[in-house]
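Participant: Residues are numbered in my numbering as their position in the sequence shown, beginning at 1, plus a constant of 3. Glycine included, C-beta positions come from ideal geometry on N, C-alpha and C.
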Amino acid sequence: MPEDRKKQIRILFDAGLAALTIQIVTSYLSKSDPLLVWEDYKSILTFIFFVALALEISLRYRRWRQAHRA
4 MPEDRKKQIR ILFDAGLAAL TIQIVTSYLS KSDPLLVWED YKSILTFIFF
54 VALALEISLR YRRWRQAHRA
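Printed below as a string of structure tokens:
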């Protein structure tokens, strides 16, 4: 199912952009240094990791369910 993988990659990309945008806007609104520090990158990567984990679990469950229906 390569189509599912393409969807996963697209969702991960969108989630990463959303997390980065939120970090930049939050940094700007709090009047702190606009350049992101390591902690900001770490929180973005953690968010992307958990989105990827949730997508992988969902995909494997769907495949398992389809295999057991047949």
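1. DSSP three-state label for S33, please.
2. Does A22 pass the burial test, meaning 16 or more other C-beta atoms within 10 Å, or should it be called exposed?
3. Tell me which residue opens and which closes the alpha helix (DSSP H) that V54 is part of.
4. Please classify I60 as buried or exposed, where buried requires at least 16 neighbouring CB atoms within 10 angstroms.
5. Measure the alpha-carbon distance for R8 versus I27 and round it to whole angstroms.
Facilitator: In brief:
1. coil
2. buried
3. W41 to R72
4. exposed
5. 29 Å
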